[in-house]
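Down below is the structure, laid out as structure tokens.
Residue numbers (my numbering): 7 to 239.
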């Protein structure tokens, strides 16, 4: 159930939405467990490696750091690249997106650089696990699959980009049916089929959309217009 103050009417992600303008949500009390100096500049992105139970953080200082979470936030390992705009854990790999459109592929947990991918010219703010594929969102959406044996071993021809489509993507999430939604620079939400065919465009916000998340059965979008919108099934 949605918290008091947020409501969704029947819609198909295109007719009705409500913006939270009500009283405080009164979440459960959050207790600070640890306060660690993590990066030399802002921390922009974090991801969880569920297989190892570790937290991965990326920031403006270009560092990608892995932290142990068993007892407390404990530094484990780091590598340095350019400013980190997005992170995705996919199988036993970590993908990091950067301002010039580059995506680096790293091994987990050792963070050995396996491959450099360059299909975009603008910052990579969004990446999405699509099961047997990885979707990379920037000045377009590129779809990547495992290639021949030896995938991500450092060879230039072992990563297959199978499709690209135009878009201006800032955020992305997958839906249970395999389709996915992007939040875009042009203030719209776009719904895509599992085959990355455009399905619909929704005039969603008055400024660019920097966050989308699916929390069954709702889609939630966050925008630079200072609003959070909850979209109903």
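From the three backbone atoms N, C-alpha and C, an ideal C-beta is built for every residue, glycine too.
**OP:** Can you tell me the Cβ-Cβ gap for residue 4 and residue 92, rounded? I've got them flagged as a contact below 8 Å.
**Re:** The question about residue 4 has no answer here: the residues shown for the chain are numbered 7 through 239.
Original post:
For residue 161, which residues of its own chain have a beta-carbon under 6 Å away from its beta-carbon, when the five flanking residues on both sides are left out?
Top reply: The residue given as residue 161 occupies position 155 in the chain shown. Because the pLDDT at residue 161 is just 46, under 50, the model does not fix this residue reliably, and the point stays unresolved.
**OP:** Quick one: measure Cβ to Cβ for residue 142 and residue 100, integer angstroms, because I've assumed they're closer than 8 Å.
**Re:** On the chain shown, residue 142 is found 136 positions in, with the first residue counted as 1. On the chain shown, residue 100 is found 94 positions in, with the first residue counted as 1. About 14 Å; that fails the 8 Å criterion.
Subject >> Check whether residue 177 and residue 188 have beta carbons under 8 Å apart >> reply: Taking the first residue of the chain shown as 1, we reach residue 177 at position 171. Taking the first residue of the chain shown as 1, we reach residue 188 at position 182. Yes, they are a contact pair.
Subject >> DSSP state of residue 84 mapped onto helix, strand, coil >> reply: One-based indexing of the chain shown puts residue 84 at position 78. Correct three-state label for residue 84: strand.
Subject >> Rounded separation between residue 230 and residue 168 - CA only >> reply: Residue mapping note: residue 230 aligns to position 224 of the chain shown, counting from 1. Residue mapping note: residue 168 aligns to position 162 of the chain shown, counting from 1. Roughly 32 Å between the two C-alpha positions.
Subject >> Three-state secondary structure assigned by DSSP to residue 66 >> reply: For the purposes of this step, residue 66 is identified with residue 60 of the chain shown, where counting begins at 1. DSSP places residue 66 outside both helix and strand once states are collapsed to three, so it counts as coil.
Original post:
Based on the DSSP secondary-structure assignment, which residues constitute the bridge partners of residue 51?
Top reply: Your numbering for residue 51 matches position 45 in the chain shown. Paired residues: 64.
Original post:
residue 198 to residue 206, Cα distance in whole Å?
Top reply: Numbered from its first residue, the chain shown carries residue 198 at position 192. Numbered from its first residue, the chain shown carries residue 206 at position 200. Their backbone Cα atoms lie some 7 Å apart in a straight line.
**OP:** With DSSP as the reference, please indicate the residues paired to residue 183 in a beta bridge.
**Re:** Mapped onto the chain shown, residue 183 falls at position 177. BP columns for residue 183 are empty, so no partner.
Subject >> Start and end residues, beta strand (DSSP E) containing residue 194 >> reply: Taking the first residue of the chain shown as position 1, residue 194 is located at position 188. Note, residue 194: beta strand (DSSP E), 194–198.
**OP:** Along the beta strand (DSSP E) that carries residue 57, what are the first and last residues, could you check?
**Re:** The sequence position of residue 57 within the chain shown is 51, counting from 1. Careful: residue 57 lies outside any beta strand (DSSP E) and carries neither H nor E.
**OP:** Pick out whichever of 174, 181, 110 and 128 has its Cα sitting closest to the Cα of residue 191.
**Re:** Against the chain shown, residue 191 aligns to sequence position 185. Among 174, 181, 110 and 128, the Cα nearest to that of residue 191 belongs to 174.
**OP:** Kindly give me the distance between the Cβ atoms of residue 72 and residue 64, rounded to whole angstroms, as I take these residues to be in contact under 8 Å.
**Re:** On the chain shown, residue 72 is found 66 positions in, with the first residue counted as 1. On the chain shown, residue 64 is found 58 positions in, with the first residue counted as 1. At roughly 11 Å, the Cβ-Cβ gap does not stay under 8 Å, so residue 72 and residue 64 are not in contact.
Original post:
Since residue 212 is in the beta strand (DSSP E), which residue starts that stretch and which ends it?
Top reply: Numbered from its first residue, the chain shown carries residue 212 at position 206. If you look at residue 212, you'll find it isn't in any beta strand (DSSP E); DSSP assigns it neither H nor E.
**OP:** On the DSSP bridge assignment, give the partners of residue 99 in chain order.
**Re:** As a working note, residue 99 is residue 93 in the chain shown. The partner list for residue 99 (beta bridge, DSSP) reads 96 and 113.
**OP:** List the residues that DSSP assigns as beta-bridge partners of residue 190.
**Re:** The residue you call residue 190 lines up with position 184 of the chain shown. The partner list for residue 190 (beta bridge, DSSP) reads 175.
Original post:
Who are the Cβ neighbours of residue 47 in its own chain at under 7 Å, not counting the five residues just before and after it?
Top reply: Here residue 47 is taken as the residue at index 41 of the chain shown, counted from 1. So the qualifying residues of the chain are 65, 66 and 67.
**OP:** Quickly, what does DSSP pair residue 71 with across the bridge? List them, please.
**Re:** Here residue 71 corresponds to residue number 65 of the chain shown, with the count starting at 1. In the DSSP output, where bridge partners are listed per residue, residue 71 has 63 and 84.
Subject >> Residue burial classification, residue 86 (beta-carbon count within 10 angstroms, cutoff 16) >> reply: Residue mapping note: residue 86 aligns to position 80 of the chain shown, counting from 1. Exposed, because fewer than 16 other Cβ atoms sit within 10 Å of the Cβ of residue 86.
Original post:
Along the chain, where does the beta strand (DSSP E) that runs through residue 132 open and close?
Top reply: Stepping through the chain shown from its first residue, residue 132 is reached at position 126. Segment 132–135, the beta strand (DSSP E) holding residue 132.
Subject >> Other residues of its chain near residue 139: CB distance less than 7 Å, five sequence neighbours each side excluded >> reply: In the chain shown, residue 139 corresponds to position 133, counting from 1. Around residue 139: 149, 150 and 151.
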